[in-house]
Amino acid sequence: MKFKIVHVLLIISLGVNLYFLGKWFLIDQWYEPSEEEQVILSEMVQKTVESEGYKNLAEKENIIAIDSSMDKNKGGVFPYYFEVSVRTDKQTYLFYCSDANCSEMENEGWTYSIYQDENPRLPF
């Protein structure tokens, strides 16, 4: 009886460890920024707010939120896998580094915005 319990606990332990190792290897390592990468993303948000593209956008549309993210799976080298999303009531604009030194941020694309069909999500 003890052997069966130890055997079941060993299998459960291996399964849990494989789950966490797989989650780290497949998701966290590629999409979750480390502390250093989080600082870089914060600086990129600041550069985005100071950019001409953002200033032109702020004049034309109502900016609701700014978010930063990274995706190492999309290819490219540092810092091209970082992005800053500026959400407005019409679209979400994607800002990327203009060069390898990330001296400026440029609006390189846009996508759908949830705020076209929804109200802001703040409860107040």
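Numbers 1 to 124, taken from full-length UniProt numbering, label the letters of the sequence shown in order.
All C-beta atoms, glycine included, are put in the ideal place defined by N, C-alpha and C.
With fewer than 16 other beta carbons inside 10 angstroms of its own, S34 counts as exposed. Y81 places its beta carbon less than 8 Å from that of D71. The DSSP-derived three-state label of F82 is strand. Separation of the CB atoms of V84 and I66 is rounded to 7 Å, and the pair is thereby assigned contact status at 8 Å. Nearest C-alpha to T111 among L41, L94, K60, N101: L94. With fewer than 16 other CB atoms across the displayed protein chains lying within 10 angstroms of its CB, V8 is exposed. For V45, the closest of R87, M1, Q91 by C-alpha to C-alpha distance is R87. The distance from the Cβ of L26 to that of S68 is about 22 Å, inconsistent with a contact at the 8 Å cut-off. If the five residues before and after K47 are omitted, its C-beta is found closer than 6 Å to the C-beta atoms of M105, all from its own chain and listed in chain order.
In this structure, DSSP gives E106 an extended state, which the three-state scheme calls strand. For A65, there is no enclosing alpha helix (DSSP H); the residue is part of the beta strand (DSSP E) that begins and ends at 63-70.
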